[in-house]
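K.L.:
This structure is in structure tokens; I'll ask about it shortly.
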DNA sequence: ACCGATTTGAAAATGATTTTCATTTTCAAT
DNA sequence: ATTGAAAATGAAAATCATTTTCAAATCGGT
């Protein structure tokens, strides 16, 4: 099991090496944390978590590594408007499920959902095709987000 | 014409007054700028523009007014990942056309489009209904964005 | 084990946004 | 029109996430 996890997490080695980047301890620990803790993690969340395994790490390295991973498409960077960016693995070989977001305008709560992706997909495909042609854009990704009031915040308003 | 514009821009008076906010010169000038310059304006863009009409304004007031307008739904706040927020009128009575974005991952260029909104609307309606029910969310707004490489940036990659 | 290039980490710098607080402005009541 | 309390403003300082700097440590091909 630990063995499986170990090799299961190694898939990104090739990606990095292939681009001439080195496999370093800080990078490994950061990737481990991203794998172990799903959700929308801030750079500091990750920093705190990584320190448990590798106390000498610097916040700088966390930021640099995240930037690298975002650039390689391994990690997504989100902004939910609370002043700090959030990071999350885009997908592993086992495939983290792509999802969209519901954001509460009052309390800032973010809910992930993935159950309407199939019906959304048809539209996305059609729209992407049209946009690609019209604007010469090569679309690689998308972001869909609904804003509103979450159940908890509706009573008070 | 100036007369028409004048009254045409006054629609938000009621909105503010209705919430107990006062109509002040800085707020009027900021709204004027937002009306005159479509696009994705940063707080500083707006500050610079406002200063031409009202040089004594402070950047602080611009931020505060924008926050107020966002809270009232008069202005949208976007984050395209370049470190500064962008603001834009959501709609006037004459109705600025709602649009979605194409964002180039390489150069950061942002293209507005609105020609697929109709076909997107069906999906949005269906999804919103489902999400509202399942999560008890009262959806008021949405954000759709495609990321990719713009035509200029594809040749070099 | 060695070496050059990459990566790291601590500290300082940056820069957008927010807070503070004394002064000015708005507007309902007079 | 005048007044006065409450709201809004603006200058300066503070905040705080992120980036830059640079000397020391690490990586990986030899």
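Protein chains in written order, with this note's numbering: chain A, 1 to 157; chain B, 1001 to 1157.
No residue lacks a Cβ here, since even glycine has one placed at the ideal position from N, Cα and C.
#1: Buried or exposed for residue 148(A), going by 16 or more other Cβ atoms inside 10 Å?
#2: What is the DSSP secondary structure of residue 19(A), counted as helix, strand or coil?
#3: Would you say residue 1121(B) reaches chain A, if we count a Cβ-Cβ gap shorter than 7 Å as a contact?
#4: From residue 1097(B) to residue 1114(B), what does the alpha carbon distance come to, in whole angstroms?
#5: As a quick exercise: from 1151(B), 1155(B), 1075(B), 1133(B), pick the residue whose alpha carbon is nearest that of residue 1041(B).
#6: Just checking, does the region 1061 to 1068 of chain B make contact with the region 1025 to 1043 of chain B on the three C-beta pairs under 8 Å criterion?
#7: Work out the CA separation of residue 1087(B) and residue 1014(B) for me, nearest whole Å.
#8: Going by C-alpha distance, which of 1139(B), 1021(B), 1017(B), 1012(B) is nearest residue 1035(B)?
#9: Which runs of the alpha helix (DSSP H) at least 4 residues long sit entirely within the region 26 to 88 of chain A? Give them in chain order.
#10: Quick check: the region 130 to 139 of chain A against the region 1137 to 1144 of chain B, are at least 3 beta-carbon pairs closer than 8 Å?
#11: Starting from the beta carbon of residue 1034(B), find every residue of chain A whose beta carbon is closer than 7 Å, and list them in chain order.
#12: For residue 135(A), report the span of its alpha helix (DSSP H) as first-last.
#13: Here's the rule I'm using: 16 or more other beta-carbon atoms within 10 Å means buried, otherwise exposed. How should residue 1194(B) be labelled?
#14: Buried or exposed: where does residue 1104(B) fall if 16 or more other Cβ atoms within 10 Å of its Cβ makes it buried?
#15: Please list, in chain order, the chain A residues whose beta carbon lies closer than 9 Å to that of residue 1151(B).
#16: Provide the residue span of the beta strand (DSSP E) that contains residue 1145(B), from first to last.
#17: So which residues of chain A does residue 1126(B) contact, with C-beta pairs closer than 7 Å?
#18: Around the Cβ of residue 1050(B), are there at least 16 other Cβ atoms within 10 angstroms (buried) or fewer (exposed)?
#19: Is any beta-carbon of chain B found at less than 7 Å from that of residue 146(A)?
#20: Using a beta-carbon distance cut-off of less than 8 Å, what residues from the region 1035 to 1065 of chain B approach chain A?
#21: If residue 1108(B) and residue 1082(B) are in contact, beta carbons under 8 Å, what's the gap, nearest whole angstrom?
#22: Given a threshold of 16 other Cβ atoms within 10 Å of its Cβ, counted over all protein chains shown, does residue 1065(B) qualify as buried or as exposed?
#23: How would you label residue 129(A), buried or exposed, when you count the other beta carbons within 10 angstroms and need 16 or more for buried?
#24: Which of the residues in the region 1070 to 1088 of chain B, read from start to end, lie with their CB under 8 Å from any CB of chain A?
#25: Sort out for me which residues DSSP pairs residue 1110(B) with in a bridge.
#26: Let me check understanding here. Comparing Cα to Cα, which of 22(A), 53(A), 72(A), 45(A) lies closest to residue 85(A)?
#27: Using CA coordinates, which residue listed in 127(A), 77(A), 47(A) is at the minimum distance from residue 1116(B)?
#28: According to the Cβ coordinates, are residue 57(A) and residue 26(A) closer than 7 Å?
P.N.:
The relevant details are as follows:
#1: buried
#2: coil
#3: no
#4: 7 Å
#5: 1075(B)
#6: Between the region 1061 to 1068 of chain B and the region 1025 to 1043 of chain B there are three or more C-beta pairs closer than 8 Å, enough to call the two in contact.
#7: Straight-line Cα distance between these residues: approximately 21 Å.
#8: 1012(B)
#9: 43 to 53, 59 to 71
#10: no
#11: Under the 7 Å cutoff, chain A gives no residues; its nearest Cβ is about 19 Å from residue 1034(B).
#12: 117 to 135
#13: Because chain B in this structure spans residues 1001 to 1157, residue 1194(B) falls outside the shown range and cannot be described.
#14: buried
#15: 135, 136, 137, 138
#16: 1138 to 1149
#17: Contact annotation for residue 1126(B) against chain A: 119 [CB-CB distance below 7 Å, chain order].
#18: buried
#19: yes
#20: none
#21: 6 Å
#22: buried
#23: exposed
#24: 1077, 1079, 1081
#25: DSSP, once it has assigned bridges, lists 1103(B) as partnering residue 1110(B).
#26: Looking only at 22(A), 53(A), 72(A), 45(A), the smallest Cα-Cα distance to residue 85(A) is reached by 45(A).
#27: 127(A)
#28: yes
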